[in-house]
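J.: Residue numbers (full-length UniProt numbering), protein chains in the order written: chain A, 1 to 241; chain B, 1 to 241.
C-beta: ideal position from N, C-alpha, C; glycine also.
Computed from a prediction, not measured in an experiment: that's the story for all the values here.
Next up is a structure, given as structure tokens.
Protein chains: 2
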Amino acid sequence: MTGKKAGPAYQKIECYLRELIQTGAGRSEPLPAEPDVAARFGVSRMTARHAYQRLVNAGVIVRKRGVGSFVSGHYLERLPISGTPDFSGWTEGGAVHFVVESYGIVKAPANIVRLMKLKTGEKVTRLQRTRSVNGVMSLDTRYMPASVHGLIPPADIEHKSLLVLLKNAGFDIASGEVELDAHSATPQDARKLGVLPGHPILQRRLVYRDAQGREVLVGTSRYPGGQAYTFGFQFDARTIT
Amino acid sequence: MTGKKAGPAYQKIECYLRELIQTGAGRSEPLPAEPDVAARFGVSRMTARHAYQRLVNAGVIVRKRGVGSFVSGHYLERLPISGTPDFSGWTEGGAVHFVVESYGIVKAPANIVRLMKLKTGEKVTRLQRTRSVNGVMSLDTRYMPASVHGLIPPADIEHKSLLVLLKNAGFDIASGEVELDAHSATPQDARKLGVLPGHPILQRRLVYRDAQGREVLVGTSRYPGGQAYTFGFQFDARTIT
């Protein structure tokens with residue numbers, strides 16, 4: 001879209017930044033830095049700065065000295081934990097049913113290019129499925145390296161945990177980030193999760209990396225809120241006795 | 001309330017269990033076991049079983065062999081992490097404003113008696129406050145041991161992180177559980193958080209324990225959903241190099 005628009009360069013940059021923000025950028029990580037954006041659009045740093053300043057003046061972004069630009073009116077509360085998650089048996093409690101809606105290789109969308117540090121146009125493995133545990137549905141979208149598609153056959157996806165399959169395929173998860181926020185059900189959520197539009201939805205985003213720091217599993221799960229679904233984690237700094 | 005009701009014993013037990021469920025019991029942990037409830041009401045185990053079976057038949061609870069009875073149609077997805085959370089600087093990013101609404105010693109409500117493993121009628125320190133970070137509000141309710149009230153003066157509560165104050169008072173957090181779910185704003189949420197009733201709300205519950213396993217900080221935070229607030233955690237099993 002950006003390339004099609006006429007008008008001053010700062011407007012193109014402003015539009016580009018607004019598009020990035022709409023895909024979720026500028027919350028966990030800063031928006032792209034001014035010099036990078038100036039280089040991308042082939043303009044002076046002054047022109048790029050003008051675009052950022054217009055978004056600051058409009059109350060869309062805030063600039064944090066030494067860190068970068070973020071969406072305003074958003075608060076990310078992030079708790080760092082040094083430790084090992086125990087994925088064994090995770091999501092295995094109760095009767096789990098997977099329905100795979102699609103599993104294939106696609107061109108990575110812009111937000112995945114950013115999260116997985118890919119080049120524009122690079123391919124990834126995408127999985128879309130519904131999951132039902134104890135009668136509670138979730139909508140899962142997962143992105144993995146393109147090579148995963150050849151290593152994990154579609155039949156396995158329906159019956160086994162993705163974390164177990166990835167581990168067996170040589171992708172062991174060593175670090176990661178999980179983010180959670182609350183939203184209202186879109187018409188699509190409502191249809192697929194069996195709730196009314198506007199019903200509260202818990203959205204979980206994950207970025208899991210292997211020991212080399214490569215993103216091997218990135219995605220989103222949407223769950224019905226209210227009394228249906230709770231996400232929890234336990235931590236323990238004590239030596240188990 | 002339970003004591004006032006006439007009718008067969010199984011009805012009193014059924015009513016008692018429904019009341020427990022309404023306060024959030026039966027999700028993370030099982031409902032009280034049949035023999036305990038039979039003893040509490042001074043009835044036979046058969047009578048207690050009848051009450052549980054009626055709730056199973058009504059689709060309110062499910063019984064998990066060897067684990068206990070849980071609310072049905074609810075899914076708790078819990079990720080265990082062996083490690084140390086780094087609370088230093090947590091919730092300190094951005095401009096934090098606390099407004100203390102109440103801070104005092106109260107009789108522990110039923111769900112806190114359960115979570116903090118107290119005796120009925122035992123006293124606890126309760127804090128109710130609003131917190132604002134980067135323009136995003138939260139409603140916090142916190143329960144701590146009664147002795148905390150004498151150790152942490154009210155003036156400090158307005159200006160410092162509760163985790164830092166507890167640590168300085170000798171309550172070092174060693175393990176804990178965090179649970180998150182999505183709800184709709186009640187009229188009270190709406191008024192205090194500045195959103196419309198029905199707006200999505202992220203609720204976070206926490207149970208933090210010291211090295212001896214005593215619950216030292218238990219409570220709930222409610223945040224506006226949508227684009228306003230994200231809760232995240234990062235884990236890292238690798239040795240930092």
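Quick one, are the C-beta atoms of residue 59 of chain B and residue 136 of chain A less than 8 angstroms apart?
T.: The answer is no: Cβ separation not under 8 angstroms.
J.: Would you say residue 277 of chain B faces chain A, with C-beta separation under 8 angstroms as the test?
T.: This structure gives no information on residue 277 of chain B, because the portion of chain B shown stretches from 1 to 241.
J.: Considering only C-alpha positions, which residue in the set A/181, A/110, A/76 and A/50 is nearest to residue 35 of chain A?
T.: Of the listed residues, the one whose Cα sits closest to residue 35 of chain A is A/50.
J.: Alpha carbon to alpha carbon, how far is residue 140 of chain A from residue 45 of chain B?
T.: Cα to Cα, the separation comes out at about 44 angstroms.
J.: Counting only C-beta atoms, is residue 134 of chain B closer than 8 angstroms to chain D at any point?
T.: Considering every chain present, this structure includes no chain D. Its protein chains are A and B.
J.: Within the same chain, show all residues whose beta-carbon is closer than 8 angstroms to that of residue 214 of chain B, passing over the 5 residues directly before and after it, in chain order.
T.: For residue 214 of chain B, where only same-chain residues beyond five positions count, the Cβ hits under 8 angstroms are 145.
J.: Between which two residues does the beta strand (DSSP E) harbouring residue 181 of chain B extend?
T.: That run of the beta strand (DSSP E) goes 175–184.
J.: Within 8 angstroms of any Cβ in chain B, is that where the Cβ of residue 307 of chain A sits?
T.: Outside the modelled stretch of chain A, which goes from 1 to 241, sits residue 307 of chain A, for which no answer is possible.
J.: Go ahead and pull the three-state DSSP assignment for residue 59 of chain A.
T.: Coil, per DSSP.
J.: Less than 8 angstroms between the C-beta atoms of residue 279 of chain B and residue 173 of chain B, yes or no?
T.: Any property of residue 279 of chain B remains undetermined from this structure, which presents chain B solely from 1 to 241.
J.: Quick one: grab the DSSP three-state call for residue 37 of chain B.
T.: Three-state result, residue 37 of chain B: helix.
J.: Can you check whether the C-beta of residue 152 of chain B is within less than 8 angstroms of a C-beta belonging to chain A?
T.: No - not a single Cβ of chain A is within 8 angstroms of the one on residue 152 of chain B.
J.: Using three-state DSSP, classify residue 3 of chain A as helix, strand or coil.
T.: With a pLDDT of only 45 at residue 3 of chain A, under 50, the local geometry of the prediction cannot be trusted, and no value is derived from it.
J.: Please confirm whether residue 233 of chain A and residue 178 of chain B have their CB atoms less than 8 angstroms apart.
T.: Yes.
J.: Where DSSP assigns a beta bridge to residue 144 of chain B, which residues make up the other side?
T.: For residue 144 of chain B, which the question treats as bridged, DSSP gives the partners B/125.
J.: Kindly list the residues whose CB is nearer than 8 angstroms to the CB of residue 240 of chain A, restricted to its own chain and excluding five residues on each side of it in sequence; keep chain order.
T.: Reliability of the predicted coordinates at residue 240 of chain A is poor, the pLDDT of 47 falling under 50, and the value obtained from them is presented with this limitation in mind. Cβ within range, chain order: n/a, list empty.
J.: Kindly confirm or deny that the region 93–107 of chain A and the region 102–118 of chain B touch, where touching means at least three C-beta pairs closer than 8 angstroms.
T.: Not touching, per the Cβ criterion.
J.: Tell me which residues of the region 171–196 of chain A have at least one Cβ-Cβ distance to chain B shorter than 7 angstroms, keeping chain order.
T.: Going along the region 171–196 of chain A in chain order, one finds 174, 175, 176, 177, 178, 179, 180, 181, 182, 183 and 184 with a Cβ nearer than 7 angstroms to chain B.
J.: Kindly indicate if chain A contains any beta-carbon less than 8 angstroms away from that of residue 236 of chain B.
T.: It does: the Cβ of residue 236 of chain B has a partner Cβ on chain A nearer than 8 angstroms.
J.: Using 8 angstroms as the limit for Cβ to Cβ distance, is residue 241 of chain A near chain B?
T.: Summary for residue 241 of chain A: the model assigns pLDDT 41, below 50, so the residue's position carries little reliability; its value from the coordinates is reported in the next sentence. Chain B contact via Cβ: absent.
J.: If you follow the alpha helix (DSSP H) that residue 114 of chain A is in, where does it begin and where does it stop?
T.: Residues 110–115.
J.: Mapping the DSSP letters down to three states, classify residue 189 of chain A as helix, strand or coil.
T.: Helix at residue 189 of chain A.
J.: In angstroms, rounded to a whole number, what distance separates the CA positions of residue 231 of chain B and residue 25 of chain A?
T.: So the alpha carbons of these two residues sit roughly 16 angstroms apart.
J.: Using a beta-carbon distance below 8 angstroms, is residue 162 of chain A in contact with chain B?
T.: Residue 162 of chain A does not count as touching chain B.
J.: Mind checking whether residue 55 of chain A and residue 17 of chain A have CB atoms under 8 angstroms apart?
T.: In contact: residue 55 of chain A and residue 17 of chain A (Cβ atoms closer than 8 angstroms).
J.: For the region 138–151 of chain B, which residues have a beta carbon sitting closer than 8 angstroms to at least one beta carbon of chain A?
T.: If the cut-off is 8 angstroms between Cβ atoms, the region 138–151 of chain B has nothing near chain A.
J.: Please list the terminal residues of the continuous beta strand (DSSP E) segment that includes residue 85 of chain A.
T.: Unbroken beta strand (DSSP E) run through residue 85 of chain A: 75–85.
J.: Taking Cβ-Cβ distances shorter than 8 angstroms, what residues in chain B pair up with residue 220 of chain A?
T.: Under the 8 angstroms cutoff, chain B gives no residues; its nearest Cβ is about 13 angstroms from residue 220 of chain A.
J.: How would you call residue 217 of chain B, buried or exposed, if buried means at least 16 neighbouring beta carbons within 10 angstroms?
T.: Result: buried.
J.: Taking DSSP as the reference, what is the three-state secondary structure of residue 26 of chain A?
T.: Coil at residue 26 of chain A, not helix or strand.
J.: Hey, is the region 193–207 of chain B in contact with the region 154–167 of chain B, meaning 3+ C-beta pairs nearer than 8 angstroms?
T.: Verdict: no, contact absent.
J.: Within the 8 angstroms Cβ cut-off, does residue 202 of chain B reach chain A?
T.: Interface residue, yes.
J.: Along chain B, which residues have their Cβ under 8 angstroms away from the Cβ of residue 83 of chain A?
T.: Ordered by position in chain B, the residues that pass the 8 angstroms Cβ test against residue 83 of chain A are 81, 82, 83, 84, 235, 236 and 237.
J.: Which same chain residues end up closer than 7 angstroms to residue 242 of chain B when comparing Cβ atoms and leaving out the 5 residues on each side of it in sequence?
T.: It is not possible to answer for residue 242 of chain B, since the shown part of chain B is limited to 1 through 241.
J.: Secondary structure at residue 230 of chain A, three-state DSSP: helix, strand or coil?
T.: Residue state, collapsed to three classes: strand.
J.: Which value, in whole angstroms, describes the spacing of the CA atoms of residue 10 of chain B and residue 116 of chain B?
T.: Spanning the two alpha carbons is a distance of roughly 28 angstroms.
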